[in-house]
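Note sheet for the following structure.
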Amino acid sequence: EIGAEDSFFDLGGHSLLAVRLFAQVKRSFGVEFPISVLFEAPTIRALAAKVEASGGQVAQAASKDRGAAPKPAEVSSTRYLVPLHSGTPGPGAPLYIVAGMFGNVMNLRHMAALLGKERPVYGLQARGLVGDEAPHERIEEAAADYIAELRRDQPEGPYHLAGFSGGGITAYEIAQQLSAAGQEVGSLILLDTPLPVRPSLSRLDKGLIKLHEIRRKGPAYFAEWLRNRIEWQAEKRRRAAQREAGAEAGGFDNAGIERAFLAAVGAYEAKPWDGAVTLFRPRLDRHWPVSGGNFVSREREYVFEDNQWRPLASKLEVIEVPGDHDSMVLVPNVSVLARHIGDALRAADGPRGQAVGFVWPNRTAAE
1 EIGAEDSFFD LGGHSLLAVR LFAQVKRSFG VEFPISVLFE APTIRALAAK VEASGGQVAQ
61 AASKDRGAAP KPAEVSSTRY LVPLHSGTPG PGAPLYIVAG MFGNVMNLRH MAALLGKERP
121 VYGLQARGLV GDEAPHERIE EAAADYIAEL RRDQPEGPYH LAGFSGGGIT AYEIAQQLSA
181 AGQEVGSLIL LDTPLPVRPS LSRLDKGLIK LHEIRRKGPA YFAEWLRNRI EWQAEKRRRA
241 AQREAGAEAG GFDNAGIERA FLAAVGAYEA KPWDGAVTLF RPRLDRHWPV SGGNFVSRER
301 EYVFEDNQWR PLASKLEVIE VPGDHDSMVL VPNVSVLARH IGDALRAADG PRGQAVGFVW
361 PNRTAAE
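Numbering (UniProt numbering), first residue to last: 1 to 367.
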């Protein structure tokens, strides 16, 4: 049984279930919520209160008005800033984490729950994640919009910034723009963020990889190649069907956001950063040795100890954490990551305590 006070997240809720849940809320009560409202109202009772406050009739779910156009719920004055954890008032300045390439902050909730014991933690989600608004087409534009919202919560620095995966590129640009505006960046944290433009495998190295596999597997290599090719085609069809089903349910526009993000990253010219940067990454996957003493991962990408950030950020510190690219921010690996990030943030806070001009927001978020 599911109780009215049981948390969506404690019950194993994830982003796809959230899409279905809010599609049902939209159909039943005529109210359209952003998915991020789950961090504010993760229980049935809390969500019901949100529905009623927004004009939906919880007690009359079978209303004749069910077919009416849904009303966007006025749940927040922000478009991008999502309160992942309200924190406990104390010396820690807020942490702002930019979501990964698909713009969804829900995978960051475990980290926020651990870090939120000392400070509020916010996610920055992509424009166009839900609804009809077009995604950002330039990294600089996204950074400027995010800054406008985060400065409403924290008018003055120092700012603690982070980004998961591709979101670290946007966090990097946020730091550049804040610094150019005369604001101090206290921390810049990259969570296994790749360089904006990574080198493609050379023809020589592709040949070396194929030779390694033929020597290792013999004739079975060609049968495996054919099987993988068939599975790849099937996976493409499955993902296309999922995208279509998600669109029909009013879900995340992952494909559109991915296209816009990749185009924006391809056009982005990262400038050098003279401040401190901390890169957290999983253990390197040195799967194939190739030319020049380099290695290639199972994902067929060149492997670099610093994800190639050191030429841009000379004060880069690299810290290895358990898990892989995705699971490093999930239970149980996230506990190690959160401990390291907490240490870095406390060191950056220093004796100054919380950031100048920061006012604790009157918000709640799922713990």
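For each residue, glycine too, the CB sits at the ideal point set by N, CA and C. This one's a predicted model, so the numbers in the text were calculated from it and none came from an experiment.
Boundaries (first-last residue) of the beta strand (DSSP E) holding residue i
| i | result |
| --- | --- |
| VAL185 | 185-191 |
| HIS85 | 81-85 |
| GLY266 | It is not in any beta strand (DSSP E) - GLY266 instead sits in the alpha helix (DSSP H) that spans 254-267. |
| TYR159 | 159-164 |
| VAL336 | Note, VAL336: premise wrong, no beta strand (DSSP E); alpha helix (DSSP H) at 334-349. |
Of the residues the options, the one placed nearest residue i, counting alpha carbons only
| i | options | result |
| --- | --- | --- |
| PHE102 | SER7, ALA260, ALA53 | ALA260 |
| PHE280 | ARG109, SER200, LEU188, GLY256 | LEU188 |
| GLY163 | VAL121, ARG283, ASP349, GLY55 | VAL121 |
| LEU38 | LEU129, ARG151, MET106 | MET106 |
| ASN294 | VAL82, LEU190, ASP205, VAL98 | ASP205 |
| LEU316 | ASN307, PRO322, TRP288 | ASN307 |
| ASN104 | PRO34, LYS50, ARG346 | PRO34 |
| residue 378 | LEU211, LEU115, GLY123, ARG346 | The structure shown does not extend to residue 378, since the chain is modelled only from 1 through 367, so no value can be given for it. |
| HIS85 | ALA49, ALA41, ARG45, LEU47 | ALA41 |
| GLU5 | LEU21, THR43, ARG298, ALA23 | THR43 |
| HIS136 | LEU345, ARG298, ARG79, VAL331 | ARG79 |
| GLU320 | LEU312, ASN333, SER314, PRO311 | ASN333 |
| PHE22 | GLU1, GLY3, VAL51 | VAL51 |
| GLU156 | ALA171, ALA181, GLY100 | ALA181 |
| ILE341 | GLY55, VAL98, LEU115, PRO94 | LEU115 |
| VAL31 | ARG20, VAL19, SER54 | SER54 |
| ALA93 | GLN183, LEU337, ALA220, PRO158 | PRO158 |
| GLU213 | ALA142, ALA267, LEU190, TRP288 | TRP288 |
| ALA18 | GLU1, LEU47, GLY3 | LEU47 |
| LYS151 | PHE304, LEU178, LYS26, GLU141 | The amino acid occupying residue 151 in the given sequence is Arg; Lys does not appear at that position. Cα-wise, what sits closest to ARG151 is LEU178. |
| LYS271 | GLU173, ARG45, ALA144 | GLU173 |
| MET328 | LEU284, ARG346, ALA313, ARG20 | LEU284 |
| LEU124 | ALA144, ALA338, PHE9 | ALA144 |
| VAL277 | ARG127, THR193, GLY128, ARG27 | THR193 |
| ALA142 | ARG203, GLY275, ARG127, HIS325 | ARG127 |
| residue 425 | ASP324, ASP274, ARG119, PHE9 | Shown here, the chain extends from 1 to 367; a query on residue 425 therefore has no answer. |
| GLN154 | LEU95, MET111, ASP132, PRO199 | LEU95 |
Bridge partner(s) assigned by DSSP for residue i
| i | result |
| --- | --- |
| residue 375 | Lying outside 1 to 367, the shown extent of the chain, residue 375 is not represented and no answer is given. |
| VAL98 | LEU124, GLY163 |
| PRO288 | The sequence as given places Trp at residue 288; Pro does not occur at that position. TRP288 pairs with VAL296. |
| TYR302 | VAL296 |
Backbone secondary structure at residue i - three-state DSSP
| i | result |
| --- | --- |
| HIS110 | helix |
| GLU32 | strand |
| GLY123 | strand |
| GLY12 | coil |
| SER314 | coil |
| LYS117 | coil |
| PHE358 | Reliability of the predicted coordinates at PHE358 is poor, the pLDDT of 40 falling under 50, and no value is obtained from them. |
| GLY3 | coil |
| GLU231 | helix |
| THR78 | coil |
| VAL329 | helix |
| LYS271 | coil |
| ARG27 | helix |
| ASP65 | Caution applies to ASP65, whose pLDDT of 47 falls short of 50 and renders its modelled position unreliable; the value that the coordinates give is listed next. Of the three classes helix, strand and coil, the one that applies to ASP65 here is helix, per DSSP. |
| GLU156 | coil |
| GLY168 | helix |
| ALA93 | coil |
| ARG20 | helix |
| GLU133 | coil |
| HIS41 | First, the residue type needs correcting, since residue 41 is Ala and not His in the sequence shown. Residue state, collapsed to three classes: coil. |
| SER179 | helix |
Exposure of residue i, with buried meaning 16 or more beta-carbon neighbours within 10 Å
| i | result |
| --- | --- |
| ASP12 | This sequence places Gly at residue 12; Asp is not what is there. Label assigned to GLY12: exposed. |
| ARG109 | buried |
| SER87 | According to the sequence shown, residue 87 is Gly rather than Ser. So GLY87 counts as buried. |
| SER165 | buried |
| GLN24 | exposed |
| GLY168 | buried |
| VAL331 | exposed |
| SER36 | buried |
| LEU262 | exposed |
| ARG215 | exposed |
| ALA175 | buried |
Interface flag, residue i vs chain D, CB-CB below 8 Å
| i | result |
| --- | --- |
| VAL303 | In summary, chain D is missing from the structure at hand, where a single protein chain is found. |
Span of the alpha helix (DSSP H) around residue i
| i | result |
| --- | --- |
| VAL51 | 44-53 |
| HIS212 | 203-217 |
| LEU150 | 139-153 |
Heavy atom of the ligand GDP within 7 Å of residue i beta-carbon
| i | result |
| --- | --- |
| GLY123 | Looking for the ligand GDP in the displayed structure turns up nothing, as the structure carries no ligands at all. |
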